[in-house]
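Asker: The structure under discussion is supplied below as structure tokens; questions concerning it will follow.
Protein chains in written order, with the working numbering: chain F, 1 to 811; chain G, 1 to 329.
Structure follows, in structure tokens:
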């Protein structure tokens with residue numbers, strides 16, 4: 001019987017967020033602090049020829065400037081903090097100016113004279129791939145990895161730039177929605193027998209598609225503040241993660257991680273753009289060291305558009321073969337990613353989504369990621385998976401309709417189960433129950449009833465849709481750390497960041513559950529390195545619930561075994577003779593014989609050694625070692641690396657259902673109903689699960705219908721810099737009432753049963769909405785995400801918006 | 001490139017009497033910038049895309065507030081907020097096309113502060129111009145939007161003259177449909193300008209969207225009884241359901257007797273630099289029944305003369321649709 005897991009509670013940071021008392025990085029001021037502001041590039045491609053800052057430096061209140069020369073050189077294709085030899089997008093930071101007030105810093109910037117040399121630029125990958133097309137870098141246009149990709153959200157290492165061109169015939173074929181024969185790719189994989197798969201198909205669909213990248217526009221722009229004291233750097237930052245920043249940020253500052261205190265109690269959104277340390281943190285910390293004063297580098301909303309990352313774009317082609325019984329027998333998928341100036345596209349994850357969503361019997365994937373002179377791209381909520389879901393759903397609908405099968409039934413035929421596979425290597429999953437989710441969702445939404453209703457009503461037309469979202473949702477091998485104090489309270493040390501998902505709190509409940517401590521007697525230590533925090537995953541990729549319920553669980557069990565050993569040591573018998581309950585450890589055969597947690601903690605201090613943290617396992621991470629050293633002798637320490645056996649990927653999967661009513665006179669639609677069911681194991685924290693479902697739904701609406709990068713190809717200028725033109729959905733664009741549910745079958749590889757779900761909530765909503773829009777228009781495929789009002793109006797008027805032109809970064 | 005988002009240093013004048021405001025505006029001339037609710041102003045200044053030596057904040061001038069029955073129609077103080085206008089009983093009862101328009105401007109927060117004077121006088125929203133580029137409208141000698149590859153989704157279909165920016169106001173078409181007049185004051189005295197003459201296209205003046213000159217203040221809007229209690233229609237189509245400017249809007253007034261249209265005013269916004277009255281359609285439907293057959297017969301006429309740009313062609317069917325809906329409603 002669960003006591004904590006699956007129950008609601010109020011995470012401890014919520015009152016502070018409501019009252020405004022909680023502090024974000026920008027809220028911190030230090031005596032003597034100066035304000036730094038960035039000067040950014042006005043051009044899409046070129047180099048800095050000269051900088052004359054003399055007028056600026058002469059101004060009262062200006063204390064210094066910081067340029068690319070003040071940092072170690074960063075050769076392309078890496079994303080530098082400050083550009084000099086390689087300017088690669090409008091808005092790229094070139095230097096920082098620090099002054100005693102922000103106004104002075106801003107005025108100083110206007111007095112700096114910079115001479116630039118322009119270079120050719122491009123804002124469309126296909127234009128660059130065409131013979132004679134412009135390259136984003138002088139060296140070339142394509143990212144070629146020389147080393148395996150790191151975890152999602154980590155900077156690209158081991159990559160080079162090559163100049164790759166396709167024959168014009170291949171470009172033309174691709175734009176016409178056909179296979180680009182003769183095209184070169186940088187990655188290719190295949191499984192099964194593709195030829196046989198297509199031969200077995202009763203219907204084959206072949207479609208081009210475009211998904212446009214768009215900015216994260218995290219609500220909290222990534223202002224940071226840093227100062228140095230006694231050789232240590234205190235860094236107030238905005239990150240999704242906590243201890244996962246330590247090593248990378250210390251490297252940027254050229255210090256030992258033990259000399260870094262990273263402080264980040266709350267972050268106002270990251271969505272993948274703040275998983276680990278980002279380049280601009282190097283400016284804040286190093287500028288503060290050079291000036292020997294605290295420096296706040298304030299990032300404006302417009303700059304957050306430029307440097308705050310964006311989703312990569314896709315221009316693609318897919319051929320799908322479906323057998324008469326609905327089984328997907330073959331998929332041939334080509335993706336050209338728009339990697340922005342960083343070059344890393346998410347195409348492989350897009351392909352992975354297809355494998356999970358439809359379990360194809362055979363599949364081939366070919367990929368190339370092209371640089372454009374647009375904003376840096378990186379992980380954004382379900383990178384690759386979610387945008388693939390948005391364009392895949394209507395294509396799957398087309399296949400289902402072609403064989404006369406209900407679109408939900410089609411998904412069921414192809415649904416992944418616990419014996420299913422994910423990805424190119426067809427690796428196992430820990431468990432999956434998508435058929436159950438589809439059945440539950442179908443009932444909850446009323447799919448059959450809604451299908452039976454009349455479609456047309458005057459100039460209004462209804463559409464209903466279904467979609468699947470997916471992301472790998474868990475990791476292994478991190479550390480847990482906790483302390484039972486002599487007051488008997490449980491102090492849970494969490495290295496998990498607080499980006500607004502509250503999973504930092506839900507995962508700590510696993511420790512309270514295991515140790516059977518009431519939540520009121522638990523306290524979470526987090527938010528700054530000197531709170532002695534263990535090595536944790538980065539908060540990205542929907543992993544935290546799975547990963548850190550495990551770490552908290554194993555740390556708790558380490559504490560439990562120590563409690564039993566102490567009791568046996570003091571009271572006689574063997575450790576196995578003892579059990580825990582009511583915050584005591586006692587003899588199973590004679591419950592009177594025992595001690596309280598508080599007493600055991602005091603005994604742990606007396607005994608020292610492993611009990612109080614003076615000794616610790618040798619397989620824990622150095623970050624955790626430092627944390628334990630900081631706690632040694634203060635109570636009963638539970639510390640352990642997560643070595644729970646198991647293999648396979650824990651998947652987070654969501655099925656979404658959407659009903660819209662479209663006004664054919666204006667192209668506008670209203671979402672009448674949205675229902676979604678998650679397959680994410682046990683729901684650890686129901687209220688938080690609800691937040692994830694609704695937040696993802698809102699952003700899925702944005703992905704399917706509103707948000708996109710727009711760049712003018714004549715000058716490389718972005719049109720959608722602000723929140724206004726970037727068009728995230730407003731509260732009036734999303735349904736008020738929604739139906740959310742979960743399959744809630746425990747995952748066998750997690751002691752609480754939970755898996756993550758953060759990202760797929762967006763993908764399922766985008767997919768279901770795209771499917772509904774297509775259904776309202778009698779199965780018309782726009783094959784473009786977003787599908788905006790003007791596209792719908794044009795289609796209704798018989799003016800074509802041709803997705804076969806594969807236009808991107810455009811209206 | 002400047003990093004934006006920091007207010008520059010400026011002088012600030014906060015007169016409480018109109019006469020003082022006029023004197024300051026006259027003295028400062030081009031150096032002064034009139035501000036009401038500031039919802040257009042602050043964006044320019046914070047982004048440092050435009051600059052001014054001095055702000056003349058009108059918001060404390062009580063005589064520019066208030067909505068009153070003049071016996072001859074109504075007079076609306078230019079500082080009336082859009083929320084006040086959308087909720088005012090006189091306007092809702094007699095001139096609901098205006099209250100309907102005011103109710104869908106931007107967002108509730110903007111409507112609570114934004115004024116009718118500001119809403120009708122607002123500058124165009126072309127993103128190149130708003131970015132601070134030196135285009136014709138900004139005193140330069142090129143247009144970024146009117147090119148084969150320009151990102152011109154929100155731009156004009158009609159009356160382009162080197163500049164293709166479109167009018168952004170939702171209340172302006174309603175005021176044109178109501179035959180409103182603008183009351184403009186200066187030290188030389190008052191002048192009244194018909195709403196349709198208040199707005200200026202690029203062929204006449206490429207750098208200003210209204211006839212207001214330095215030293216002049218729009219103090220009130222007058223609406224005659226001509227169209228009081230007529231049959232009205234207002235519709236705005238925008239990407240999102242709040243905050244966004246119109247892709248196309250329509251404000252219409254009809255005088256009906258025995259189901260026949262005696263006369264009408266049909267005005268579209270966001271298709272031209274100024275509100276566009278579709279007089280050809282008004283003439284064609286005079287004497288016709290107010291129904292969908294009549295609407296269908298004039299749908300295409302509504303967009304005669306449209307010149308599509310690369311990305312705004314959708315406005316043609318949308319404008320036709322809205323004009324037809326106004327007639328057939």
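Where a beta carbon is used, it is the ideal one built from N, C-alpha and C, also for glycine. Quick caveat, the model's predicted, so the values are computed rather than measured.
Does any residue of chain G bring its CB to less than 9 Å from the CB of residue 358 of chain F?
Answerer: Numbered from its first residue, the first chain carries residue 358 of chain F at position 358. Not one chain G Cβ lies under 9 Å of residue 358 of chain F.
Asker: So residue 592 of chain F is in the beta strand (DSSP E); what residue range does that whole segment cover?
Answerer: The residue you call residue 592 of chain F lines up with position 592 of the first chain. 590-596 is the extent of the beta strand (DSSP E) around residue 592 of chain F.
Asker: Please list the partners that residue 713 of chain F has in chain G, where partner means a Cβ-to-Cβ separation under 7 Å.
Answerer: Here residue 713 of chain F refers to the residue found at position 713 of the first chain. What residue 713 of chain F touches in chain G: 149.
Asker: In this structure, does DSSP put residue 337 of chain F in helix, strand or coil?
Answerer: Indexing the first chain from 1 puts residue 337 of chain F at position 337. Of the three classes helix, strand and coil, the one that applies to residue 337 of chain F here is strand, per DSSP.
Asker: Consider the Cβ of residue 234 of chain G: report whether some Cβ of chain F lies at a distance smaller than 9 Å.
Answerer: Within the second chain, numbered from 1, the residue matching residue 234 of chain G stands at position 234. For residue 234 of chain G, the answer is no, since every Cβ of chain F falls outside 9 Å of its Cβ.
Asker: Could you work out which residue in F:563, F:609 and F:603 is closest to residue 587 of chain F when comparing CA atoms only?
Answerer: By one-based count along the first chain, residue 587 of chain F stands at place 587. Of the listed residues, the one whose Cα sits closest to residue 587 of chain F is F:563.
Asker: Smallest Cα separation from residue 207 of chain F: which of F:393, F:283, F:97 and F:106?
Answerer: Here residue 207 of chain F refers to the residue found at position 207 of the first chain. Considering only alpha carbons, the answer is F:393.
Asker: Counting only Cβ-Cβ distances shorter than 9 Å, please list the residues of the stretch 304-317 of chain G near chain F, keeping chain order.
Answerer: 310, 311, 312, 313, 314, 315, 316 and 317
Asker: Under three-state DSSP, which class holds residue 662 of chain F?
Answerer: Here the question's residue 662 of chain F lines up with position 662 in the first chain. It is a strand residue.
Asker: Going by CA-CA distance only, name the one from G:105, G:68, G:150 and G:237 that's closest to residue 94 of chain G.
Answerer: Within the second chain, numbered from 1, the residue matching residue 94 of chain G stands at position 94. Per the Cα distances, G:68.
Asker: Is it true that the CB of residue 67 of chain F sits closer than 9 Å to the CB of residue 87 of chain F?
Answerer: As a position in the first chain, residue 87 of chain F is number 87, starting the count at 1. As a position in the first chain, residue 67 of chain F is number 67, starting the count at 1. No, they are not a contact pair.
Asker: Relative to the C-alpha of residue 309 of chain F, which residue among F:377, F:811, F:320 and F:251 is closest?
Answerer: Numbered from 1 along the first chain, position 309 holds the residue referred to as residue 309 of chain F. For residue 309 of chain F, the nearest C-alpha among the options comes from F:377.
Asker: To the nearest angstrom, report how far apart residue 163 of chain F and residue 139 of chain F are at their CA atoms.
Answerer: Against the first chain, residue 163 of chain F aligns to sequence position 163. Against the first chain, residue 139 of chain F aligns to sequence position 139. Residue 163 of chain F and residue 139 of chain F: Cα-Cα distance of roughly 7 Å.
Asker: With C-beta atoms as the reference, is residue 331 of chain F less than 9 Å away from residue 420 of chain F?
Answerer: Along the first chain, read from residue 1 onward, the residue named residue 331 of chain F stands at position 331. Along the first chain, read from residue 1 onward, the residue named residue 420 of chain F stands at position 420. Against a cut-off of 9 Å, the Cβ pair of residue 420 of chain F and residue 331 of chain F comes out as no contact.
Asker: Going by beta carbon distance, what residues of the same chain come within less than 8 Å of residue 327 of chain F, once the five residues before and after it are set aside?
Answerer: Mapped onto the first chain, residue 327 of chain F falls at position 327. Answer for residue 327 of chain F: 361, 413 and 414, listed in chain order.
Asker: Enumerate, from N- to C-terminal direction, the unbroken beta strand (DSSP E) stretches of 3 or more residues contained entirely within the stretch 603-671 of chain F.
Answerer: 636-641 and 651-663
Asker: With 16 other CB atoms within 10 Å as the buried threshold, where does residue 292 of chain G fall?
Answerer: Within the second chain, residue 292 of chain G is the residue found at index 292, counting from 1. The residue in question, residue 292 of chain G, is exposed, as its Cβ has fewer than 16 Cβ neighbours within 10 Å.
Asker: Comparing alpha-carbon positions, which option in G:138, G:58 and G:195 lies nearest residue 19 of chain G?
Answerer: Stepping through the second chain from its first residue, residue 19 of chain G is reached at position 19. Considering only alpha carbons, the answer is G:58.
Asker: Who pairs with residue 257 of chain G in a beta bridge, going by DSSP?
Answerer: By 1-based counting over the second chain, the position of residue 257 of chain G is 257. Answer by DSSP bridge pairing, in chain order: G:260.
Asker: Taking only beta-carbon atoms, is residue 301 of chain F less than 9 Å away from chain G?
Answerer: Within the first chain, the letter at position 301 stands for residue 301 of chain F. Yes, because at least one Cβ of chain G sits closer than 9 Å to the Cβ of residue 301 of chain F.
Asker: Note down, in chain order, every chain G residue with its Cβ under 8 Å from the Cβ of residue 729 of chain F.
Answerer: Position 729 of the first chain, counting from 1, holds the residue named residue 729 of chain F. By Cβ distance, chain G contributes 240.
Asker: The beta strand (DSSP E) with residue 471 of chain F in it runs from where to where?
Answerer: Counting from 1 along the first chain, the entry for residue 471 of chain F is found at position 471. Segment 460-472, the beta strand (DSSP E) holding residue 471 of chain F.
Asker: Throw me the rounded Cβ distance for the residue 473 of chain F and residue 696 of chain F pair, which I believe falls under 8 Å.
Answerer: Within the first chain, numbered from 1, the residue matching residue 473 of chain F stands at position 473. Within the first chain, numbered from 1, the residue matching residue 696 of chain F stands at position 696. Separation of the CB atoms of residue 473 of chain F and residue 696 of chain F is rounded to 13 Å, and the pair is thereby denied contact status at 8 Å.
Asker: Examine chain F for any beta-carbon lying closer than 9 Å to the beta-carbon of residue 8 of chain G, and answer yes or no.
Answerer: In the second chain, counting from the first residue as 1, residue 8 of chain G sits at position 8. So, interface residue.
Asker: For the alpha helix (DSSP H) containing residue 58 of chain F, name the first residue and the last one.
Answerer: The count along the first chain starts at 1 and reaches residue 58 of chain F at position 58. That run of the alpha helix (DSSP H) goes 54-58.
Asker: Do the stretch 100-120 of chain F and the stretch 73-82 of chain F meet, that is, are 3 or more Cβ pairs less than 8 Å apart?
Answerer: Contact between the stretch 100-120 of chain F and the stretch 73-82 of chain F is absent: fewer than 3 CB-CB pairs across the two stretches fall below 8 Å.
Asker: I want to verify the contact list: residues of chain F whose CB lies under 7 Å from the CB of residue 105 of chain G, in sequence order.
Answerer: In the second chain, residue 105 of chain G corresponds to position 105, counting from 1. Within 7 Å Cβ-Cβ: nothing; residue 105 of chain G doesn't reach chain F, min ~14 Å.
Asker: Could you tell me the distance, in whole angstroms, from the CA atom of residue 715 of chain F to the CA atom of residue 250 of chain F?
Answerer: Position 715 of the first chain, counted from the first residue, corresponds to residue 715 of chain F. Position 250 of the first chain, counted from the first residue, corresponds to residue 250 of chain F. So the alpha carbons of these two residues sit roughly 38 Å apart.
Asker: I need the straight-line Cα distance from residue 648 of chain F to residue 429 of chain F, nearest angstrom please.
Answerer: Position 648 of the first chain holds residue 648 of chain F. Position 429 of the first chain holds residue 429 of chain F. Approximately 5 Å between the Cα atoms of the pair.
Asker: Listed from N- to C-terminal order along the chain, which residues in the stretch 786-808 of chain F have their beta-carbon within a distance smaller than 9 Å of any beta-carbon of chain G?
Answerer: 788, 789, 790, 791, 792, 793, 794, 796, 797, 798, 799 and 801
Asker: For chain F, is any of its Cβ atoms less than 9 Å away from the one on residue 237 of chain G?
Answerer: Residue numbering aside, residue 237 of chain G sits at position 237 when the second chain is read from its first letter. Answer yes: the Cβ-Cβ gap between residue 237 of chain G and chain F drops below 9 Å somewhere.
Asker: Closer than 7 Å by C-beta to residue 230 of chain G: which residues in its own chain qualify, once you throw out the five before and the five after it? Chain order, please.
Answerer: In the second chain, the residue the question calls residue 230 of chain G occupies position 230. If we look at residue 230 of chain G and ignore the five residues flanking it on each side, its Cβ neighbours are 253, 254 and 255.
Asker: How many angstroms separate the CA atom of residue 47 of chain G from the CA atom of residue 298 of chain G?
Answerer: As a working mapping, residue 47 of chain G is identified with position 47 in the second chain. As a working mapping, residue 298 of chain G is identified with position 298 in the second chain. Going by the C-alpha atoms only, they are around 44 Å apart.
Asker: Here's the rule: buried if 16 or more other CB atoms are within 10 angstroms of the residue's CB, otherwise exposed. What is residue 184 of chain G?
Answerer: Along the second chain, read from residue 1 onward, the residue named residue 184 of chain G stands at position 184. Buried, because 16 or more other Cβ atoms sit within 10 Å of the Cβ of residue 184 of chain G.
Asker: Using a C-beta cutoff of 9 Å, does residue 743 of chain F count as contacting chain G?
Answerer: If you number the first chain from 1, residue 743 of chain F lands on position 743. So, not an interface residue.
Asker: In the DSSP assignment, what are the bridge partners of residue 225 of chain F?
Answerer: Taking the first chain and counting its residues from 1, the one referred to as residue 225 of chain F is at position 225. Answer is F:236 and F:296, bridged to residue 225 of chain F.
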